[in-house]
Amino acid sequence: MQTNPELELALNFIEKTDRNLFITGKAGTGKTTFLHQIKNESLKRLVIVAPTGVAAINAKGVTIHSFFQMPFGPILPNQAPNNQQRRFSKTKIDIIKSLDLVIIDEISMVRADLLDGIDQVMRRYKNRNKVFGGAQILMIGDLQQLAPVVRPNEWSLLQNYYKTIYFFSSKAFQEANVVSIELKHIYRQKNENFITILNEIRNNNLSSTSAKILNERYNPSFSPDEEEGYITLTTHNNRANLINNSKLHQNKNKSHFFQAEVSGKFSENSYPNAARLELKVGAQVMFIKNDSSQEKRYFNGKIGIITSISKDSVNVQCLNEADEIVTGREKWDNINYSINEETKEIKEDVTGSFEQIPLRLAWAITIHKSQGLTFEKAIIDAEASFAHGQTYVALSRCTSLEGLVLKTPITSNAIINDTTVSAFNQSVEENHPDESILNESEKEFQLNLITELFDYQPFLYPVSRLIDIFYKNQTSIRGDVIEHLQTIKDHGVVALMKVSNKFKNQLKTLSKNNILPENSSTIQERFTKAVAYFLNHTKHNIEKPLDAIHFSTDNKAVKKDFSKQFNSLQEKLEEKLFALQKMTDGFKVKTYLEVRAKAVLQKMEPKKKKKVASKRDPILALKLRELRDEIQMAENIPAYQIFTQEALYAMCDELPRTSKELLKVKGMGKTRVAKYGEEILEIINNYCTENGINQFNEQKKEDKKSSKQISFELFKSGLSIKEIAKERSLTAGTIENHLTNYISSGDIDVLELIDLKRYKKIRNQIEEAGEIKGLSDLKEKVDTDITYIELKMVLMSIEA
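UniProt numbering numbers the first residue of the sequence shown as 1 and each following residue consecutively.
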């Protein structure tokens with residue numbers, strides 16, 4: 001493989017650039033070998049996906065629909081994601097966010113709308129401003145082979161958005177600035193005449209000379225001897241099954257059945273072989289998997305005759321080979337991607353397996369199932385070709401003209417080629433990249449990575465949304481919010497975006513020579529200074545004001561929307577700070593790619609922001625809310641028209657005892673006091689009476705510290721729970737109870753009391769417990785080593 005210039009060029013584009021690639025090539029040019037080489041050797045974080053279950057199993061990847069959680073119907077551009085697409089696990093999201101490379105095998109079968117669907121998901125979870133979220137996409141396949149499947153009713157919808165159903169008509173492909181490379185060296189066929197014939201059929205221009213040579217192989221009455229090892233390639237499943245079943249029935253030997261062993265998750269649609277396999281001595285069979293043993297005795301597509309069958313194995317004799325092949329069961333794995341907690345690498349988890357004898361009856365096979373296989377002797381029945389590329393796929397499975405027999409003559413009617421495919425392939429040939437484009441792309445890749453480190457555009461959306469949410473709902477949001485958000489936006493995000501843009505232009509000027517940025521001392525010097533500048537300003541103008549934001553609201557919808565954007569902004573900040581702090585020693589591609597992934601994967605639990613809470617016992621706020629709910633139901637008016645969240649907390653803090661004092665509360669005008677003041681004051685006065693609070697001893701009451709307050713202050717001074725218990729002559733459990741009360745207000749982060757690993761374990765078990773009736777009910781559903789106080793701590797952190 002080392003002498004293949006196109007393949008070497010493709011490998012370099014993958015490893016040294018971020019250019020999106022389409023790797024194509026005639027049948028037998030080593031596309032599958034190329035894919036496996038990338039998988040085994042690439043330093044980039046990658047996943048492999050394919051359009052069908054069988055293709056995914058063969059590529060040792062997963063299906064597009066399962067990984068990206070796509071619907072099976074048409075995906076219209078910019079349509080709202082369905083429920084299935086929303087349910088991405090945290091692990092799946094982290095994998096997508098940390099990806100450098102997505103490999104799509106058998107791209108010829110991927111529809112335009114499906115590729116755009118991949119783009120939508122990648123943008124949603126990685127970078128909304130970049131095609132495919134900024135990840136590199138490698139598409140592998142031959143457009144002259146099997147085409148996408150689309151039903152007429154589906155195309156009636158999609159034709160309003162796409163010129164053709166092929167992937168290259170997708171919106172994402174048009175935007176992706178794809179480099180196309182055609183692998184030229186043919187490994188499967190050696191005969192020049194045969195190669196010429198295949199090329200002409202591929203290009204839909206079969207010459208009379210080639211047609212004459214090809215049709216010399218026409219022999220409609222040909223009936224090979226069993227030991228010759230011919231396989232018939234036909235267009236339809238029923239035709240292949242008819243031939244195989246007829247031949248098996250004619251064989252008078254005893255039938256032997258092998259039941260597949262299926263474990264874990266393995267869809268029946270993806271079974272690589274029959275679940276109940278019927279074989280007989282004397283049957284012609286084909287190996288459907290490469291030999292997993294060190295001997296490598298067989299390969300996918302090798303044909304032979306069964307000579308004997310035992311309980312656990314099948315002996316197969318192949319043509320021109322002295323020794324029989326003793327064939328035991330092979331295993332196909334169904335994989336899923338996850339992240340290794342220790343190394344943070346993307347790992348392949350085997351979620352299911354299928355074990356079966358790797359043989360299939362091989363007197364006949366459909367052209368569709370033959371894609372990717374190689375045969376030394378084949379009988380081609382292409383008379384009923386019904387789809388683009390079928391004739392080419394069938395003929396190109398063969399290694400030579402001599403091993404080829406035609407049941408029907410090959411005419412232009414049997415060669416169905418799509419003119420749009422031919423036009424696209426022509427453009428691929430005409431725009432083949434060279435070393436200069438590779439070198440320029442490598443330099444551009446490094447500049448892009450540097451620019452990405454200093455890119456603050458992703459911060460703009462969440463901070464702008466937060467400001468928008470606040471102004472639209474300021475009557476229901478209480479706290480120190482808007483000034484800090486404006487500081488973050490104006491002095492943090494927007495200001496750093498301007499500096500980043502200037503720095504980007506400087507980099508372009510500094511990189512006009514042929515030196516790569518990571519090898520340029522000038523750029524390295526500017527880079528380290530930039531890291532220090534951006535790190536300082538990020539901490540001062542984004543992190544500091546973000547930490548100062550306190551907010552609270554009774555409106556659940558507003559709370560959910562605000563918290564979502566707030567957490568998104570906080571997450572982006574943590575990633576940016578992590579990356580900047582790890583890149584202070586200069587820029588190296590390998591280092592930055594590792595840091596970028598770890599920035600996503602090594603985040604701690606989000607910091608719990610302080611809620612704006614009353615200084616008083618929350619029971620008063622609860623009673624006032626109950627009153628407001630009663631009035632709201634009776635008068636059928638919005639809650640804020642009775643009194644706002646801000647007014648509620650002010651009443652709890654100020655404890656107005658008269659109508660005059662109530663009028664001084666912000667948001668409580670004459671009309672509200674006249675309507676609802678009497679009931680409000682009754683609740684406040686009752687509360688004060690019950691708690692011994694009056695206008696004369698109130699200050700004294702406030703000055704007296706509660707037991708839990710004393711424990712809290714000792715904890716914040718640096719003492720451990722055990723030390724506080726000893727100091728105060730109390731049990732550790734009592735101190736834990738005291739401190740738990742400060743989790744919901746945000747004064748204590750739960751991770752100060754429970755380590756992260758145990759917190760995650762407890763939280764997962766709480767979520768798995770589902771609906772519960774109380775703490776005692778929950779305690780029965782979790783591990784026995786989890787204490788009541790730990791459950792209480794985690795529950796309060798979730799509700800906070």
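Backbone N, C-alpha and C define an ideal beta-carbon position, used for all residues, glycine too.
Query                                                                                                                                                                     : Result
Report yes if the C-beta distance between K712 and L739 is below 8 Å; otherwise report no.                                                                                : Here residue 712 is Phe; the residue named in the question, Lys, does not match the sequence. Contact: yes.
Residues bridged to S139 by DSSP?                                                                                                                                         : First, the residue type needs correcting, since residue 139 is Met and not Ser in the sequence shown. DSSP output for M139 lists F22 and I104 as bridge partner(s).
Which same chain residues end up closer than 6 Å to L507 when comparing Cβ atoms and leaving out the 5 residues on each side of it in sequence?                           : L447
Distance, Cα to Cα, K700 vs I488?                                                                                                                                         : With a pLDDT of 41 at K700, under the threshold of 50, the modelled position of this residue cannot be trusted, and the question is left open.
Please report the distance separating the alpha-carbon of S614 from that of Q570.                                                                                         : Bear in mind that a pLDDT of 43 at S614, under 50, signals an unreliable position, so the number given afterwards is only what the model happens to contain. So the alpha carbons of these two residues sit roughly 25 Å apart.
Am I right that I733 and I789 are in contact with their C-beta atoms under 8 Å? What's the rounded C-beta distance?                                                       : For clarity, residue 733 is Gly in the given sequence; the question names Ile instead. Confirmed, Cβ separation roughly 7 Å.
So, do the region 128 to 136 and the region 163 to 179 have three or more beta carbon pairs nearer to each other than 8 Å?                                                : yes
Using DSSP with H/G/I as helix, E/B as strand and the rest coil, what is Y592?                                                                                            : helix
Please report how far the alpha carbon of L114 lies from the alpha carbon of P74, in whole angstroms.                                                                     : 8 Å
On the premise that N4 lies in contact with H185, defined as a C-beta separation below 8 Å, what is that separation, rounded to the nearest angstrom?                     : 5 Å
Is L622 buried or exposed, if buried means 16 or more other CB atoms sit within 10 Å of its CB?                                                                           : exposed
Leaving out five residues on either side along the sequence, give the residues of the same chain with a beta carbon under 6 Å from the beta carbon of F266.               : N334, G352 and F354
In whole angstroms, what separates the C-alpha of I710 from that of P545?                                                                                                 : 29 Å
By Cβ distance below 8 Å, which residues in the same chain neighbour A530 in space, the five residues on each side in sequence not counted?                               : F454 and F503
Check whether the Cβ atoms of G586 and T528 lie closer than 8 Å to each other.                                                                                            : yes
Drop a sphere of 10 angstroms on the beta-carbon of F375, count the other beta-carbons inside from all chains shown, and report buried for 16 or more, exposed for fewer. : buried
Under DSSP, the beta strand (DSSP E) around T671 begins and ends at which residues?                                                                                       : That residue, T671, is in no beta strand (DSSP E); its alpha helix (DSSP H) goes K670 to E690.
Just mark M604 as buried or exposed, buried being the case when its beta carbon has 16 or more other beta carbons within 10 Å.                                            : For M604, the pLDDT reaches just 48, beneath the cut-off of 50, and the residue's location in the model is therefore unreliable, leaving the point undetermined.
Could you tell me which residues DSSP pairs with L233 in its beta bridges?                                                                                                : I365 and I380
Quick test of your reading: V121 and F68, contact by CB under 8 Å. State the CB separation rounded to the nearest angstrom.                                               : 5 Å
Smallest Cα separation from N193: which of E216, V179 and D291?                                                                                                           : E216
Between V428, L791 and Q284, which has its C-alpha nearest S776's C-alpha?                                                                                                : L791
Short of 6 Å in beta carbon distance, which residues of its chain neighbour F459, apart from the five on each side in sequence? Order them along the chain.               : V493 and K572
Apart from the five residues just before and just after E8, which ones in its own chain have a Cβ nearer than 7 Å to its Cβ?                                              : none
With distances taken Cα to Cα, identify the nearest neighbour of I213 among L401, R239 and N251.                                                                          : L401
Where H368 and L778 are concerned, what is the direct C-alpha to C-alpha distance, given to the nearest angstrom?                                                         : 54 Å
Have a look at L404, E15, T475 and K296 and flag the residue whose alpha-carbon is nearest the alpha-carbon of K666.                                                      : T475
Alpha carbon to alpha carbon, how far is E440 from Q37? Give it in angstroms, no decimals.                                                                                : 24 Å
Given this structure, state the Cα-to-Cα distance separating A495 from Y456, to the nearest angstrom.                                                                     : 9 Å
With a threshold of 6 Å on Cβ separation, who are the neighbours of I781 within its own chain once the five nearest residues in sequence on each side are excluded?       : One point to set straight first is that residue 781 is Lys, not Ile, in the sequence displayed. Counting only Cβ-Cβ distances below 6 Å, and skipping sequence neighbours, we find A769.
Measure the alpha-carbon distance for N160 versus L76 and round it to whole angstroms.                                                                                    : 10 Å
By DSSP, does S706 sit in helix, in strand, or in coil?                                                                                                                   : coil
Is the Cβ-Cβ distance between L183 and K31 less than 8 Å?                                                                                                                 : yes
Do you know offhand how far I754's Cα is from Y742's?                                                                                                                     : 14 Å
Mind reading off the beta-carbon distance from V262 to L359? Whole number of angstroms is fine, and I expect it under 8 Å.                                                : V262 to L359, Cβ: 17 Å. No contact.
Am I right that D319 and G229 are in contact with their C-beta atoms under 8 Å? What's the rounded C-beta distance?                                                       : Looking at the sequence itself, residue 319 is Leu, so the reference to Asp does not match. Going by Cβ atoms, the distance from L319 to G229 rounds to 5 Å, so yes, they are a contact pair.
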